[in-house]
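Protein sequence lines, in the order shown, are assigned to chains G, F and D.
Note that the first sequence covers residues 28 to 481 in my numbering.
Note that the second sequence covers residues 28 to 481 in my numbering.
Note that the third sequence covers residues 28 to 481 in my numbering.
Think of the CB as a built atom: it goes at the ideal place given N, C-alpha and C, for glycine as much as any other residue.
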Amino acid sequence: MVVTGQALHAHCAALFPICRSITGPGLRATLSYIGERIPLALREVPSGTPVLDWTVPLEWTPRAAWIRRLDGETVVDFAQHNLHLLQYSHAMDAVVPLEELQRHLHSLPDQPDLIPYRTAYYGSTWGFCLPHRLRETLQDEAYRVRIDAELAPGALSYGECVLPGEQEEEVLVSIHCCHPSLANDNLSGIAIGMELARMLAARARRFTWRFLFIPGTIGSLAWLAANRDGVGRIRHGMVLSCLGDGGPLTWKQSRRGDAAIDRIAAHVLRHEDPANRVLPFTPYGYDERQYCSPGFDLPVGCLMRSPNGTFPEYHTSADDLDFVRPEHLARSFKAIERIAEVIEHDACPVSTAPYGEPQLGRRGLYAPIGGTGPAVEARGFSQMALLWVLNLADGRHSLLDMAERAGEPFAAIRAAAEAAAAAGLLALVTASRFPADKGSGNSAPEFAGQRDIA
Amino acid sequence: MVVTGQALHAHCAALFPICRSITGPGLRATLSYIGERIPLALREVPSGTPVLDWTVPLEWTPRAAWIRRLDGETVVDFAQHNLHLLQYSHAMDAVVPLEELQRHLHSLPDQPDLIPYRTAYYGSTWGFCLPHRLRETLQDEAYRVRIDAELAPGALSYGECVLPGEQEEEVLVSIHCCHPSLANDNLSGIAIGMELARMLAARARRFTWRFLFIPGTIGSLAWLAANRDGVGRIRHGMVLSCLGDGGPLTWKQSRRGDAAIDRIAAHVLRHEDPANRVLPFTPYGYDERQYCSPGFDLPVGCLMRSPNGTFPEYHTSADDLDFVRPEHLARSFKAIERIAEVIEHDACPVSTAPYGEPQLGRRGLYAPIGGTGPAVEARGFSQMALLWVLNLADGRHSLLDMAERAGEPFAAIRAAAEAAAAAGLLALVTASRFPADKGSGNSAPEFAGQRDIA
Amino acid sequence: MVVTGQALHAHCAALFPICRSITGPGLRATLSYIGERIPLALREVPSGTPVLDWTVPLEWTPRAAWIRRLDGETVVDFAQHNLHLLQYSHAMDAVVPLEELQRHLHSLPDQPDLIPYRTAYYGSTWGFCLPHRLRETLQDEAYRVRIDAELAPGALSYGECVLPGEQEEEVLVSIHCCHPSLANDNLSGIAIGMELARMLAARARRFTWRFLFIPGTIGSLAWLAANRDGVGRIRHGMVLSCLGDGGPLTWKQSRRGDAAIDRIAAHVLRHEDPANRVLPFTPYGYDERQYCSPGFDLPVGCLMRSPNGTFPEYHTSADDLDFVRPEHLARSFKAIERIAEVIEHDACPVSTAPYGEPQLGRRGLYAPIGGTGPAVEARGFSQMALLWVLNLADGRHSLLDMAERAGEPFAAIRAAAEAAAAAGLLALVTASRFPADKGSGNSAPEFAGQRDIA
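Okay, here's the thing in structure tokens:
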């Protein structure tokens, strides 16, 4: 199964028009789209439910919103672009003097043609976002403002896709789905996470893979609140975001910094993108903030191309379907596919002929006269890769250790190890040697209020 | 209480004219000046007392010294500058042929206008120091030389200021006071150490602070000999010297290199002076040589600006009151004040809401819409400083750990932690987690001969 | 005893004409030359003997070999240069069409005037090596080819020189002796290893030194197979090769990378050659491949100048007696002599006056007035070297530790330590603190078939 950049981009295009938020119909429509393609349980957490230090907010349903001149001419219309409405604006219907209106407008003087994306989830206010150039044309004394939006008890929705593996130990993939028409942040992550789940669903798996499609912050908090006793099973975790732009592949490390997933991601990125970046953890960004809060401290990092806040299109109307490119989506997918390969296939092989080098020539694994023998390269690995595998096959080195020491990609070392195993030179031991995570949750306060409706 | 550069410089000016040595009236006059300003015990160790591998020397009392032409014209006069006399010169009264006199003269051909500073504590000789240009004018066949100086049984003097804290664990601050009219080396250290002691004396203290005002080498040896059983209480230590010149702030590490004080000093200097230097320990320099001898191996480094031997004014008459500047003294004082702050206030806070991030918005600690909320910056810390504190408040990270990981100054992290504690988000645990020093002294030979006269 | 570059070069010259291989009369002649100069046991392992994963091959005795035109003119003649014959070619006597002959010829198009060195130990074929320019002149339809060579049951020969020391722990020096007329690879190693053995034989030794003069790969395998139970005694090991060219001194680390020998070699090379290189282990090169196979994992690295494959003369007729220079051989010998000094003389001294600095002045080890005292430099060490020795003499620092921390050569630190010991300031404890090697061999399969004939 090959996942093309075009297919990934098509998912982004299909989901782009929907006005998502951290609750409400747009979020449910998005989860529904995903649920048509992978096995997805839809979870709903009622408004008012305490989740850790937070409370699930009211559900927000925006229907229409505009600013009109008193002569009826429409100046700003939510129907034209769903970034125009400040997220979680309450209902409004009034003639507003310009001076007061200005206090409710958001624009970008330095990027005067773009609409910014703004939210006020936990305030109680209203507002519009618009191009600064348009804002500057507002000269009337007052404008008519109408917001048809409901803030009412409902639920927080999120989707959970669990693919059981041979082991109970889990790999967590977390993707925020709460942003409206922003393509890179984070339709790119949704498309790639969904296709990764589809690919893994079709294979035998060592690990149990858990994909969360959640609204940012409150969604991961809700999931963590409901699963405090289970997080100890998470061996590796990744947040996916901003994977469709042209920036270099970027890994933001887990809080631990030296988790196995940090090493795996750094290894893969080094071979997939010479310009790759590995950034240290900071307590700002996406849902890794919650997974890496001190009580949980899970081995969860974040895979990105351009990080949040570092590209001019970030959180503006310029983060659109032209900004994310099929070729970037495809390269991001390939990277996460290779990360998954390491997670699933790392092992600590043990040589069956550890004393001295085994005689490779008689097994067809060495050139009898320099350069004239059977080229092992045709099998997908170099002679040196094979020598490294045999030299380090002492049961204390994983294939990833070997790949790093040899400077070879994991896939080449894995191929060499399989050739050596086929020649009887290795016993491939697949038991994971990843360090156990310390987990948590035993002293977690009781949590109630979640009902599954999937 | 603010300590100004002017006040520090005034101390240097007051003490500059005194002819100090490792024993004698000049040293006592200096200790007396200090004792008028901070609580100081004066210790006297009799000549001939064995101190570790050494013996306390005779006490030296220079009164007058000159070289005159046979016609009575004075060529060199100790009354003009107290660097003119080789320290510990014995008495002398003779007509000396020029050829022999030359063997007793010290000058600097490369700095012909400066008087060098020379000592012969443990030899038995006499000599004069003079500008090379003056030396070159000596053409007579013989000169009359007179040194009125006494070398007689007496005592070695030093001052000790102990400021008890909540804990018995100690911070040692050691300052050499044996150099005559040299301002940077080490009136600068005396002024800063004295004012630090005065500032700390006015505060509640966690640690017990011990300030030693001692003659170099033999003074620290005498103190160590008398306190072998107590040095295990020393948790942090600093030698202060050369703190008034324009060089960058410099920390010479303890012999251990990774003592807590090494980390603290490096952290503070990084934020106080971009040009700062952290130098590895070497067994040459000031009294850290004694504290870091292998039998003691105390966590004692040395705070300086320009290290000994690295500036042209070093140990010459150019190390005067113009060479040390109030602004440099003030910056040095600020650095040591901040070092003291870390020592006294480091702690390992524990979050009361460790599962997920706490909701800062409802506590007024987060902007509800980007850039529009209450600026936490007004409280002396950044939003990121607060997020770091909360993320690392797992009881295993000290405030200093947090400051280093966040790249923020300790004071900002401390302010953020106090704000979080005030909001009920942290329990501030002040128990030190600095590694215990191994101490020593149990097998120390018996030491006698010290009498306190304070 | 001084070993000159001329003497080392003379050994290369004496051995150069011999046609060595991994078995046979040339190898035995070489071992005989060595055995006339150092105590050497000659070991012979019969053809067919299994050695670990390999089998000792038939013995090869080449006598004559040529290619002639059908009119009798000789084109290529083994008698002219013993690189002309592919090593382990079987006997041959036939008229061979040019097209078929070409498949048995080896030349270097990029170095058309050089004869390459090629081997086919474990194939069954024949061939000639010749300058590419000569090969291009072959135009006849067929040539007469004759190879008078015997492949017959015999033995693998190697030489073993054991110099017992005070301790059973061993230092292994392994030198391959299987290459025909190639001077750098490895007559240089043979000459230097032989002279090192001669030098050490004349001295008292702490360690037992074991020198192996062996054919590459199969020789070290044969020795390892016969000595599996004894390899745990090896504390340090070196393979010597390519030590006569003009490249910088190079240490290829053991598989462990942090073995004591890795540190020792790096220290010596740092002081002997500013351009020195320390290369990480790779499972390709010389017999370190076998010593560092995972079942043995011995602390064995490789001392070289230009590594195998990195210089244009490598494995060609240009690796001749002009390519290796007496001055390079002499510098290589000096380096290994200094490595041997560290191995034999490292120790952990303990100060007898550890509390404070000892008073050096009264012992004549410190200048009483700056620059005027007895220069300790005349004794082969600096004042700082002495201060470092005394400061670190806590029984936990070896002389090598001190040398590294002080940035001084081991010899200077050793001289300072001996001066301090002579002054009663140090107890020199010579017990090695090198980490024990983990050894192996308990589960080794039974090995038989070796007979000693020395």
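Closer than 9 Å by beta-carbon distance: list the chain F residues that pair up with D:D421, in chain order. Taking the third sequence and counting its residues from 1, the one referred to as residue 421 of chain D is at position 394. Within 9 Å Cβ-Cβ: P321, G322 and D324.
Suppose contacts are defined by Cβ-Cβ distances below 9 Å. Is G:I219 in contact with G:L35 by that definition? Position 192 of the first sequence, counting from 1, holds the residue named residue 219 of chain G. Position 8 of the first sequence, counting from 1, holds the residue named residue 35 of chain G. Yes.
Would you tell me roughly how many angstroms separate the C-alpha atoms of D:T82 and D:C204, rounded to the nearest one? For the purposes of this step, residue 82 of chain D is taken as the residue at position 55 of the third sequence. For the purposes of this step, residue 204 of chain D is taken as the residue at position 177 of the third sequence. For D:T82 and D:C204, the distance between alpha carbons rounds to 19 Å.
For the beta strand (DSSP E) containing G:V295, name the first residue and the last one. Taking the first residue of the first sequence as position 1, residue 295 of chain G is located at position 268. No beta strand (DSSP E) contains G:V295, which is instead part of the alpha helix (DSSP H) from A287 to E299.
Kindly give me the distance between the Cβ atoms of F:R90 and F:D175, rounded to whole angstroms, as I take these residues to be in contact under 8 Å. The residue you call residue 90 of chain F lines up with position 63 of the second sequence. The residue you call residue 175 of chain F lines up with position 148 of the second sequence. The Cβ separation is near 4 Å, so the contact holds.
Would F:L482 and F:P242 qualify as a contact pair, given that the criterion is a beta-carbon distance under 9 Å? Here chain F covers residues 28 to 481 and nothing more, so residue 482 of chain F does not appear.
Between G:R47 and G:I61, what straight-line distance do the alpha-carbon atoms span, to the nearest angstrom? Position 20 of the first sequence, counted from the start, is the residue given in the question as residue 47 of chain G. Position 34 of the first sequence, counted from the start, is the residue given in the question as residue 61 of chain G. About 14 Å.
Helix, strand or coil: how does DSSP classify F:R485 here? Nothing in the structure corresponds to residue 485 of chain F, since chain F is present only between 28 and 481.
What's the call for G:A558, buried or exposed, on a 16-neighbour Cβ count within 10 Å? Residue 558 of chain G lies beyond the range of chain G shown here (28 to 481); nothing can be said about it.
Rounded to the nearest angstrom, what separates D:L239 and D:G186 at their Cα positions? Here the question's residue 239 of chain D lines up with position 212 in the third sequence. Here the question's residue 186 of chain D lines up with position 159 in the third sequence. Roughly 6 Å separates the two Cα atoms.
Please look up how many angstroms separate the CB atoms of G:L413 and G:A447, rounded, as I've assumed it's under 8 Å. Taking the first sequence and counting its residues from 1, one reaches residue 413 of chain G at position 386. Taking the first sequence and counting its residues from 1, one reaches residue 447 of chain G at position 420. Indeed they touch by this definition, with Cβ atoms about 6 Å apart.
Alpha carbon to alpha carbon, how far is G:L67 from G:A224? Within the first sequence, residue 67 of chain G is the residue found at index 40, counting from 1. Within the first sequence, residue 224 of chain G is the residue found at index 197, counting from 1. Their backbone Cα atoms lie some 10 Å apart in a straight line.
Would you tell me roughly how many angstroms separate the C-alpha atoms of D:E163 and G:R304, rounded to the nearest one? Here residue 163 of chain D is taken as the residue at index 136 of the third sequence, counted from 1. Here residue 304 of chain G is taken as the residue at index 277 of the first sequence, counted from 1. Cα-Cα distance, rounded: 53 Å.
Taking G:A252 as the reference, give the member of G:A231, G:I440, G:I261 and G:L79 with the closest Cα. In the first sequence, counting from the first residue as 1, residue 252 of chain G sits at position 225. Per the Cα distances, G:L79.
Please report how far the alpha carbon of D:S268 lies from the alpha carbon of D:R441, in whole angstroms. For the purposes of this step, residue 268 of chain D is taken as the residue at position 241 of the third sequence. For the purposes of this step, residue 441 of chain D is taken as the residue at position 414 of the third sequence. D:S268 and D:R441: Cα-Cα distance of roughly 29 Å.
For a contact defined as C-beta to C-beta under 7 Å, what are the partners of D:Q317 on chain G? Walking along the third sequence from the start, residue 317 of chain D turns up at place 290. Going along chain G in sequence order, the residues near D:Q317 (Cβ under 7 Å) are G383 and E384.
Looking at G:V266 and G:C329, is the spacing between their C-beta atoms short of 9 Å? Reading the first sequence from its first residue, position 302 is the one you call residue 329 of chain G. Reading the first sequence from its first residue, position 239 is the one you call residue 266 of chain G. The answer is yes: Cβ separation under 9 Å.
Exposure label - F:V29; buried when at least 16 CB within 10 Å: Locating residue 29 of chain F in the second sequence gives position 2, counting from the first residue. With fewer than 16 Cβ atoms within 10 Å of its Cβ, F:V29 is classed as exposed.
Within this structure, are the beta carbons of F:S420 and F:S378 separated by less than 9 Å? Taking the second sequence and counting its residues from 1, the one referred to as residue 420 of chain F is at position 393. Taking the second sequence and counting its residues from 1, the one referred to as residue 378 of chain F is at position 351. One detail in the question is off: residue 420 of chain F reads as Ala in this sequence, not Ser. In this structure, F:S378 lies closer than 9 Å to F:A420 by Cβ.
Nearest to G:L306 by alpha carbon, out of G:D324, G:H298, G:F323 and G:D285? In the first sequence, residue 306 of chain G corresponds to position 279, counting from 1. That would be G:D285, whose Cα lies nearest to the Cα of G:L306.
For chain F, is any of its Cβ atoms less than 9 Å away from the one on D:G388? In the third sequence, the residue the question calls residue 388 of chain D occupies position 361. At least one chain F Cβ lies under 9 Å of D:G388.
Under 8 Å between beta-carbons, which chain G residues line up against D:W81? List them in chain order, please. As a first step, residue 81 of chain D is located in the third sequence; it is residue number 54 there, counting from the start. Near D:W81 (Cβ distances below 8 Å), the residues of chain G are G383 and Q386.
Between F:L270 and the rest of its own chain, which residues show a CB-CB distance below 6 Å, the 5 nearest in sequence each way excluded? One-based indexing of the second sequence puts residue 270 of chain F at position 243. Cβ within range, chain order: S215, G216, I219, R332 and S359.
Nearest residue (CA-CA) to G:R406, options G:L455, G:S247 and G:E445: As a position in the first sequence, residue 406 of chain G is number 379, starting the count at 1. Here the closest residue by C-alpha is G:E445.
Residue-level contact to chain G via CB, F:A450, 9 Å cutoff: Here residue 450 of chain F refers to the residue found at position 423 when the second sequence is read from its first residue. No - not a single Cβ of chain G is within 9 Å of the one on F:A450.
Report the residue from D:H108, D:W87 and D:R365 whose alpha carbon sits nearest the alpha carbon of D:A179. For the purposes of this step, residue 179 of chain D is taken as the residue at position 152 of the third sequence. The shortest C-alpha separation from D:A179 is found at D:W87.
Under 9 Å by beta carbon: chain D residues contacting G:N418: Position 391 of the first sequence, counted from the start, is the residue given in the question as residue 418 of chain G. Those are R282, F308, T309, P310, R316, C319, S320 and P321, listed as they occur along chain D.
Going along chain G in order, which residues have a C-beta closer than 8 Å to the C-beta of F:A357? To locate residue 357 of chain F, count along the second sequence from 1; it is residue 330. Neighbours of F:A357 on chain G: none; closest Cβ ~34 Å, over 8 Å.
Does DSSP put D:Q114 in a helix, a strand or coil? One-based indexing of the third sequence puts residue 114 of chain D at position 87. Note: D:Q114 maps to strand in three-state DSSP.
Beta-carbon proximity of D:L417 to F:P321, cut-off 9 Å: Taking the first residue of the third sequence as 1, we reach residue 417 of chain D at position 390. Taking the first residue of the second sequence as 1, we reach residue 321 of chain F at position 294. Yes, Cβ-Cβ distance for D:L417 and F:P321 is below 9 Å.
Classify G:L141 as helix, strand or coil using the three-state DSSP reduction. Within the first sequence, residue 141 of chain G is the residue found at index 114, counting from 1. Here G:L141 sits in coil by DSSP.
Sort G:I366, G:E63 and G:V102 by Cα distance to G:Y170 and report the nearest one. The sequence position of residue 170 of chain G within the first sequence is 143, counting from 1. For G:Y170, the nearest C-alpha among the options comes from G:V102.
Whole-angstrom distance between F:Q114 and D:G391, CA atom to CA atom: To locate residue 391 of chain D, count along the third sequence from 1; it is residue 364. To locate residue 114 of chain F, count along the second sequence from 1; it is residue 87. Going by the C-alpha atoms only, they are around 20 Å apart.
In angstroms with no decimal places, state the Cα-to-Cα distance between G:A439 and G:L387. Walking along the first sequence from the start, residue 439 of chain G turns up at place 412. Walking along the first sequence from the start, residue 387 of chain G turns up at place 360. Approximately 18 Å, taken between the alpha carbons.
Using beta-carbon positions only, say whether F:L110 and F:I65 come within less than 9 Å of one another. Indexing the second sequence from 1 puts residue 110 of chain F at position 83. Indexing the second sequence from 1 puts residue 65 of chain F at position 38. No, these two residues do not count as a Cβ contact at 9 Å.
Give a yes or no on whether 9 Å exceeds the smallest Cβ distance from F:P237 to chain D. Here residue 237 of chain F refers to the residue found at position 210 of the second sequence. Note that residue 237 of chain F is Arg in the sequence shown here, rather than Pro. It does not: the Cβ of F:R237 has no partner Cβ on chain D nearer than 9 Å.
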